[in-house]
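Structure record follows, encoded as structure tokens.
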Amino acid sequence: MAEVLVVVEAAQGAVKKVTLEMLTLARDLGEPSAVVLGGSAADLVDRLGEVGAQKVYAAEHADLDGYLVAPKATVLAALIQRVSPAAVLLASTQEGKEIAGRVAVKLDNGLLTDVVTLGTDGVATQTVFAGSTIVKSKVTKGLPLVTVRPNSLTPAPSPVSPSVEQLDVAVADQDKLAQVVDRKVEAKGARPELSEASIVVSGGRGVGSADNFKLVEEFADLLGGAVGASRAAVDSGFYPHQFQIGQTGKTVSPQLYVALGISGAIQHRAGMQTSKTIVAVNKDAEAPIFELADFGVVGDLFKVVPQAAEEVRKRK
Amino acid sequence: MKIVVLVKQVPDSGAERYLRTDDNTVDRGSANNVINEMDEYALEEALKLQEANGGEVVVLTMGPEKSTESIRKALSMGPDGAVLVTDEALHGSCAVATSKVLAAAIAQQNADLVICGAESTDGRVQVMPHMLAERLGIAALTGARKLTVDGSTLTIERQTDEGFEVVTASTPAIVSVWDTINEPRYPSFKGIMAAKKKPLQTLALADLGVAAGEVGFDGATSTVVEHNKRPPRQAGHKVEAGDDGGVKLVEFLASEKFV
Chain A
558 MAEVLVVVEA AQGAVKKVTL EMLTLARDLG EPSAVVLGGS AADLVDRLGE
608 VGAQKVYAAE HADLDGYLVA PKATVLAALI QRVSPAAVLL ASTQEGKEIA
658 GRVAVKLDNG LLTDVVTLGT DGVATQTVFA GSTIVKSKVT KGLPLVTVRP
708 NSLTPAPSPV SPSVEQLDVA VADQDKLAQV VDRKVEAKGA RPELSEASIV
758 VSGGRGVGSA DNFKLVEEFA DLLGGAVGAS RAAVDSGFYP HQFQIGQTGK
808 TVSPQLYVAL GISGAIQHRA GMQTSKTIVA VNKDAEAPIF ELADFGVVGD
858 LFKVVPQAAE EVRKRK
Chain B
6 MKIVVLVKQV PDSGAERYLR TDDNTVDRGS ANNVINEMDE YALEEALKLQ
56 EANGGEVVVL TMGPEKSTES IRKALSMGPD GAVLVTDEAL HGSCAVATSK
106 VLAAAIAQQN ADLVICGAES TDGRVQVMPH MLAERLGIAA LTGARKLTVD
156 GSTLTIERQT DEGFEVVTAS TPAIVSVWDT INEPRYPSFK GIMAAKKKPL
206 QTLALADLGV AAGEVGFDGA TSTVVEHNKR PPRQAGHKVE AGDDGGVKLV
256 EFLASEKFV
């Protein structure tokens, strides 16, 4: 069986969930090999092996972290040419897409983004236009080079002991044009990352103020979820932009989406309507969010949410 | 400093959008076509730089002839002129081919800086700036929520899931921006009148030295096999909160095993 390359996403020494999902998907397509671009691979190898990575390619060179995207793309393109994999999977994150874009140009290879499934025949499923249209598509030039949307499948264990191969990295000046001079972590506490979370609790204009968002955060923490916000809430200054869900913002597809004080404008639905289960609390019975909610409560969120929080605590 | 701003005409994301049933491309015929929202922020950023440092701002669009409507709207915000790359052979082009055409058009402009939106609302693919940088051999500073220019040195704050990265490069470079970077201006009446007289250069593939076979359906590196509208979600159960709305909500969550 041919290799399937999976480009690892990790943060602060931990493998991100989307990587486990991609390795699970890769097992259906061939022999999964994980590719670590930058950082240190040693901490990640065991976790990658748990989900079936037979091999780990490690490219550990300061230039991969010190310069934006280009060096990683060069290393990946060289590896693809050397091992001729059956497919290459990257996460459908900004950087994953950017690396894939450069590789596509380097190898004159087709590229599919925001893929949710990929078959052995190379046919990928994507959802487009705010999740309203399902597209089946295929790379017709080169190998299947796809970026996989987080939360598209459930990762399953398949333990192996990966072999580790260090890759030689020589970064040309051409790839060192955009220098990363600083990285700042902005606190988000212990909450899961928005695009990967199984549960997302979001607040909209109805939350009313930045201070009131504590109510949204508290409910999210009780459920073990991430916090999101509608564009109206972000534009009103209630919550930071990186948590915005919608057409301009993040697309999420969690098991459970809780919409608090969100009317459900098309701009917002674009980012969340592929969620498995949707519940909504809104005082306006005619709010469009109720058209897609599996369960809706018409009422004042400042009464409903604290009561719900109390009820969750009681049941714990 | 000469700045090229990439502007794409897209179907309005506030309305229902479709793929065509005959050739699987974006249906522009039935749609209300508008400037890709994120590109307005790119344009604003370019105009602010021009106000501070002088120079020239040119809009560059690839698309069907009717993109001129969006170009005139973009020009009414203040840029000096525009270039439209349009050619029947471009219909059906994939991202890889599109980057080939745009790179050729940018190279002709001798720009110091290219600014574009971080993504388009139709494809949301986010790959174009890095594809262009790869082809042009220039720096790509992408996903900016802040841009500062000091002579030929550019510095951005790049939004990440964990926080942000500070990334720097020298011109020539391409910068992509998110909608947090500024607040785009509204065109003035004077701007709208002036836009009608601003130069709009139209280029065909032959003007860029790109062969028709390298683009469109013939040159595409990927293809759509089929597409279907997702069945709309069914509205579920809706209850009045009454005195125990929160309890009812948790009972539902418990029945679905979330609590």
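Order-wise, the sequence lines are chains A and B.
If you use my numbering, the first sequence corresponds to residues 558 to 873, in order.
If you use my numbering, the second sequence corresponds to residues 6 to 264, in order.
C-beta atoms are modelled at their ideal positions from N, C-alpha and C, and glycine is treated no differently.
Just so you know, these numbers come straight off a predicted model, no measurement behind them.
Sub-8 Å separation of residue i and residue j beta-carbons
i	j	result
A:Gly760	A:Phe770	yes
A:His825	A:Ser787	yes
A:Val855	A:Leu817	no
A:Arg706	A:Ser649	yes
B:Ile186	B:Leu118	no
A:Val561	A:Val572	no
A:Ile819	A:Ala837	yes
B:Leu205	B:Ala108	no
A:Ala850	B:Val255	no
B:Gln148	A:Lys741	In the sequence as presented, Gln is not what sits at residue 148 of chain B; that position holds Gly. In this structure, A:Lys741 does not lie closer than 8 Å to B:Gly148 by Cβ.
A:Val717	A:Val602	no
B:Asp184	B:Met82	no
B:Gly241	A:Phe852	yes
Residue-chain proximity (residue i, chain B), Cβ-Cβ < 8 Å
i	result
A:Lys663	yes
A:Pro863	yes
A:Ser718	no
A:Leu825	Note that residue 825 of chain A is His in the sequence shown, not Leu. So no, A:His825 is outside the interface.
A:Gln638	no
A:Arg762	no
A:Ile819	no
A:Ser694	yes
A:Gly688	yes
Cutoff 8 Å: residue i Cβ touching any chain A Cβ
i	result
B:Thr30	no
B:Val255	yes
B:Lys151	no
B:Ile143	yes
B:Arg22	yes
B:Asp155	no
B:Ala174	yes
B:Lys13	no
B:Met43	yes
B:Ser35	no
B:Glu49	no
B:Ser104	yes
B:Met136	yes
Residue i versus residue j - alpha carbon distance
i	j	result
A:Gly667	B:Ser181	22 Å
A:Arg748	A:Ala777	8 Å
B:Pro189	B:Tyr46	6 Å
B:Thr30	B:Ile111	25 Å
B:Lys243	A:Ser590	47 Å
B:Ala100	B:Leu208	19 Å
B:Gln114	A:Ala567	39 Å
B:Val132	A:Leu664	15 Å
B:Val106	A:Leu702	21 Å
A:Thr704	A:Val696	12 Å
B:Phe257	A:Gly821	21 Å
B:Leu159	B:Thr176	7 Å
B:Ala36	A:Ser752	30 Å
A:Glu775	A:Ile691	35 Å
B:Gly60	B:Asp127	31 Å
A:Leu700	A:Leu669	11 Å
B:Val63	A:Met558	51 Å
A:Arg652	B:Lys203	Per the sequence presented here, residue 652 of chain A reads as Glu, with Arg not at that position. Straight-line Cα distance between these residues: approximately 37 Å.
A:Lys574	B:Met198	53 Å
For residue j and residue i, believed in contact at Cβ under 8 Å, the rounded distance
i	j	result
A:Gln736	B:Thr173	5 Å
A:Ser715	A:Arg584	6 Å
A:Ser694	B:Val229	5 Å
A:Ile656	A:Leu647	6 Å
A:Val632	A:Ala643	Incorrect: roughly 19 Å between the Cβ atoms, too far for contact.
B:Lys13	B:Asn38	B:Lys13 to B:Asn38, Cβ: 10 Å. No contact.
Contact list for residue i against chain A, beta-carbon separation under 8 Å
i	result
B:Leu146	Leu625, Ala735
B:Ala94	What B:Ala94 touches in chain A: nothing, since even the nearest Cβ is about 17 Å away.
Within chain B, partners of residue i - CB distance below 8 Å
i	result
A:Glu743	Glu167, Gly168, Phe169
A:Lys748	Checking the sequence, you will find Arg at residue 748 of chain A rather than Lys. Per Cβ cutoff of 8 Å: no residues; A:Arg748 is ~12 Å from chain B at best.
A:His618	Those within 8 Å of A:His618 in chain B number zero; the least Cβ separation is about 18 Å.
A:Lys918	Absent from the model: residue 918 of chain A. The displayed extent of chain A is 558 to 873, so no value can be given.
Per-residue contacts from residue i into chain A (C-beta, under 7 Å)
i	result
B:Arg25	In chain order: nothing, as chain A lies at least about 12 Å away.
B:Asp184	Thr805
Per-residue contacts from residue i into chain B (C-beta, under 7 Å)
i	result
A:Glu868	Gly251, Val252, Val255
Neighbouring residues, chain A, relative to residue i (Cβ below 9 Å)
i	result
B:Val119	Under the 9 Å cutoff, chain A gives no residues; its nearest Cβ is about 13 Å from B:Val119.
B:Arg140	Val662
B:Met67	By Cβ distance, chain A contributes nothing, its closest Cβ being about 16 Å from B:Met67, past 9 Å.
B:Asn233	Thr690, Ile691, Val692, Lys693
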